[in-house]
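**Student:** Terminal number for the sequence shown in the working numbering: 471, no gaps in between.
We put the CB at the ideal spot given by N, CA and C, even for glycine.
Computed from a predicted structure; not experimentally measured.
Pasting a structure here, questions to come.
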Amino acid sequence: MVYNFDEQVRREHTDCFKYEGLMDLCGRTDVLPLWVADMDFRTPPFVMNAIARRMQQGILGYTCGMPSYKEAICRWVKRLHNMDVSPEMVSYVPGVVSGIFLALQTFTEKGDKVLIQQPVYHPFHLVPEATGRIVVQNALRRTADSFEMDFEALERDIQGCKLMVLCNPHNPAGICWSRETLQRVAAICAKAGAIVVSDEIHCDMVLPGHEHVPFATVSEEARRIAITLQAPSKTFNMPGIVCSHAIVFNDSLRRAYFTYIEGTDQDLGNVFAYDCARACYTDEGNEWRQQMLAYVQGNIDYLQQALSECCPKIRMIRPEASFLVFLDCRELGLTHPQLEDFFVNKARLALNSGAMFGTLGEGYMRLNVGCPRSTLQQAVKQLEEAYKEL
Ligand SMILES: Cc1ncc(COP(=O)(O)O)c(C=O)c1O
Numbered sequence: 082m083v084y085n086f087d088e089q090v091r092r093e094h095t096d097c098f099k100y101e102g103l104m105d106l107c108g109r110t111d112v113l114p115l116w117v118a119d120m121d122f123r124t125p126p127f128v129m130n131a132i133a134r135r136m137q138q139g140i141l142g143y144t145c146g147m148p149s150y151k152e153a154i155c156r157w158v159k160r161l162h163n164m165d166v167s168p169e170m171v172s173y174v175p176g177v178v179s180g181i182f183l184a185l186q187t188f189t190e191k192g193d194k195v196l197i198q199q200p201v202y203h204p205f206h207l208v209p210e211a212t213g214r215i216v217v218q219n220a221l222r223r224t225a226d227s228f229e230m231d232f233e234a235l236e237r238d239i240q241g242c243k244l245m246v247l248c249n250p251h252n253p254a255g256i257c258w259s260r261e262t263l264q265r266v267a268a269i270c271a272k273a274g275a276i277v278v279s280d281e282i283h284c285d286m287v288l289p290g291h292e293h294v295p296f297a298t299v300s301e302e303a304r305r306i307a308i309t310l311q312a313p314s315k316t317f318n319m320p321g322i323v324c325s326h327a328i329v330f331n332d333s334l335r336r337a338y339f340t341y342i343e344g345t346d347q348d349l350g351n352v353f354a355y356d357c358a359r360a361c362y363t364d365e366g367n368e369w370r371q372q373m374l375a376y377v378q379g380n381i382d383y384l385q386q387a388l389s390e391c392c393p394k395i396r397m398i399r400p401e402a403s404f405l406v407f408l409d410c411r412e413l414g415l416t417h418p419q420l421e422d423f424f425v426n427k428a429r430l431a432l433n434s435g436a437m438f439g440t441l442g443e444g445y446m447r448l449n450v451g452c453p454r455s456t457l458q459q460a461v462k463q464l465e466e467a468y469k470e471l
């Protein structure tokens with residue numbers, strides 16, 4: 082089956098965060114929304130069919146995952162990432178952010194230090210802060226075309242931290258961290274006695290020519306200290322279903338974490354969650370995923386070309402995974418508030434401000450290319466017109 086990613090699906094007035102949140106984000110609603118990290122593509126038909134079948138059964142009662150749910154996850158991670166996982170190593174968690182919260186609750190206490198690497202997805206600091214943990218900001222280092230880890234700084238900053246939250250692949254820069262990088266992270270964290278929560282929600286969206294390396298598989302140390310969080314939600318555009326999972330190899334970490342998850346009833350998905358996950362982790366799901374990624378890659382190519390021709394001072398960090406593009410706008414010579422004003426009030430585009438991801442994100446904006454090409458073309462047109470007026 083050939084899927085149509087050019088289709089425009091209206092989302093206004095549907096309780097859609099990407100639209101309903103515009104006033105709070107931008108102070109106006111007449112802007113093109115290219116922010117929240119879900120896609121504007123129709124959720125695949127096999128997910129919709131799974132929901133329809135469940136509804137036809139007639140009762141929306143309490144639900145638990147059958148063994149086939151965890152077995153589908155095990156087959157999928159073996160197929161895509163060569164990860165050997167058995168069902169007892171897997172737990173449902175409501176969301177990946179919830180999974181981070183549950184790990185903080187299990188393994189740390191109020192006042193404990195938690196390391197994150199900025200610029201990074203904003204809940205990495207919001208969740209520890211909201212729960213009274215102390216966030217240690219370890220800075221990524223800018224390279225000519227992306228970011229890299231600064232191991233000396235990591236070795237220094239991890240001292241006294243109970244836990245590190247790793248973003249692999251990285252949001253917002255779209256980096257697939259290499260095996261060597263992850264091995265060094267594992268060695269540094271193991272030596273410092275820190276657990277690593279590896280957020281791998283973008284791992285099934287690696288773009289052609291790149292590879293996802295699961296943190297837990299890079300060394301014995303990594304396997305011993307890793308909590309891996311994944312989900313079908315981003316890849317198959319169904320985050321509203323709220324269905325993610327954790328994988329833990331180490332017996333004692335797993336016992337502690339899963340006991341907390343089960344004890345607080347966080348292992349109970351909603352009535353559609355398991356059906357949807359099972360429907361995605363199939364041959365049909367893989368086919369849709371590959372077509373979607375080919376389309377997203379086309380959008381990235383188009384955006385890169387258009388920016389270099391029309392807005393050469395805005396430089397794209399080309400993502401190796403996923404549909405989020407981090408734009409380096411520092412050459413425009415604007416302060417960060419002026420940059421935000423430029424995008425919202427001149428270009429009439431709603432992007433995520435780089436400042437959300439930490440102070441090192443200032444001068445950057447994050448653009449979501451998980452949309453029909455025509456939406457992106459409209460965005461480029463608006464950006465080009467505003468750019469000319471600068
Ligand atoms: C790195 C990362 N982690 C987690 C999430 C959200 O995951 P969930 O909706 O499962 O909590 C996102 C969404 O953008 C993300 O980019």
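Identify every run of the alpha helix (DSSP H) within the stretch 304-360, keeping only runs that are complete inside it and at least 4 residues long; order them along the chain.
**Tutor:** 332-344, all fully within the stretch 304-360.
**Student:** Cβ of D285 within 8 Å of any heavy atom in ligand 1?
**Tutor:** No, the Cβ of D285 stays beyond 8 Å of every heavy atom of ligand 1.
**Student:** On the three-state DSSP scale, how would you describe M446?
**Tutor:** Looking at M446 - three-state DSSP - the assignment turns out to be strand.
**Student:** Going straight from the alpha carbon of M437 to that of M286, what length do you get?
**Tutor:** The straight-line gap from Cα to Cα measures roughly 23 Å.
**Student:** F330 to M170, Cα distance in whole Å?
**Tutor:** Each residue's Cα considered, the two are about 6 Å apart.
**Student:** Consult DSSP for I181 and reduce its assignment to one of helix, strand or coil.
**Tutor:** Looking at I181 - three-state DSSP - the assignment turns out to be helix.
**Student:** Quick check: E401 and P250, are their CB atoms within less than 9 Å of each other?
**Tutor:** In contact: E401 and P250 (Cβ atoms closer than 9 Å).
**Student:** On a CA-only basis, which of C410, L244 and R399 is nearest S50? Give me that one, please.
**Tutor:** Nothing in the structure corresponds to residue 50, since the chain is present only between 82 and 471.
**Student:** Would you call K469 buried or exposed, if buried means 16 or more other Cβ atoms sit within 10 Å of its Cβ?
**Tutor:** The residue in question, K469, is exposed, as its Cβ has fewer than 16 Cβ neighbours within 10 Å.
**Student:** Under a three-way DSSP split, which group does P418 fall into?
**Tutor:** In the structure shown, P418 sits in a helix (DSSP, three-state: H, G or I).
**Student:** Please confirm whether I197 and V217 have their CB atoms less than 9 Å apart.
**Tutor:** The answer is yes: Cβ separation under 9 Å.
**Student:** What three-state label does DSSP hand P114 in the structure shown?
**Tutor:** In this structure, P114 counts as strand in the three-state DSSP scheme.
**Student:** Based on Cα-Cα distance, which residue from D422, M446 and R454 lies nearest to G108?
**Tutor:** The candidate whose alpha carbon is nearest that of G108 is D422.
**Student:** Going by DSSP, what residues sit across from C248 in a beta bridge?
**Tutor:** Answer is D280, bridged to C248.
**Student:** So does A337 have its beta carbon nearer than 8 Å to some heavy atom of ligand 1?
**Tutor:** No, since every heavy atom of ligand 1 falls outside the 8 Å radius drawn around the Cβ of A337.
**Student:** Taking the beta carbon of H326 as the centre, do at least 16 other beta carbons fall within 10 Å, making it buried, or is it exposed?
**Tutor:** H326 is buried by the Cβ-count criterion.
**Student:** How about N252: is its Cβ closer than 8 Å to a heavy atom in ligand 1?
**Tutor:** Checking the Cβ of N252 against ligand 1 gives yes.
**Student:** Based on the DSSP secondary-structure assignment, which residues constitute the bridge partners of I398?
**Tutor:** According to DSSP, which records beta bridges pairwise, I398 is partnered with F407.
**Student:** Tell me the residue span of the beta strand (DSSP E) that contains S172.
**Tutor:** First-last of the beta strand (DSSP E) with S172: V171 to V174.
**Student:** Spatial neighbours of S403 within its chain, please: C-beta separation below 6 Å, excluding the five flanking residues on both sides.
**Tutor:** Hits under 6 Å: G255, H283 and M286.
**Student:** Expressed to the nearest angstrom, what Euclidean distance is found between the alpha-carbon atoms of D356 and Y143?
**Tutor:** Their Cα atoms are separated by approximately 14 Å.
**Student:** Any idea if T85 is buried or exposed, counting beta-carbon neighbours within 10 angstroms, 16 or more meaning buried?
**Tutor:** Residue 85 is actually Asn in this sequence, not Thr. Classification of N85: exposed, given that the 10 Å Cβ count is below 16.
**Student:** Among L413, R91 and A275, which residue has its Cα nearest to the Cα of V195?
**Tutor:** Nearest C-alpha to V195: A275.
**Student:** So if DSSP puts K194 in a beta bridge, which residue, or which two residues, is it bridged to?
**Tutor:** DSSP lists I215 and C242 as partners of K194.
**Student:** Any idea if H94 is buried or exposed, counting beta-carbon neighbours within 10 angstroms, 16 or more meaning buried?
**Tutor:** So H94 ends up on the exposed side.
**Student:** Excluding the five sequence neighbours on either side, which residues of its own chain have a C-beta within less than 6 Å of the C-beta of K99, listed in chain order?
**Tutor:** Once the five neighbours on either side are set aside, the close Cβ partners of K99 are P114 and V117.
**Student:** Across the stretch 301-315 and the stretch 346-355, are there enough close Cβ pairs to call them in contact, namely three or more that are closer than 8 Å?
**Tutor:** Not touching, per the Cβ criterion.
**Student:** Quick check on Q311: buried or exposed, where buried means 16 or more other Cβ atoms within 10 Å of its Cβ?
**Tutor:** Counting Cβ neighbours within 10 Å, Q311 comes out buried, since at least 16 surround it.
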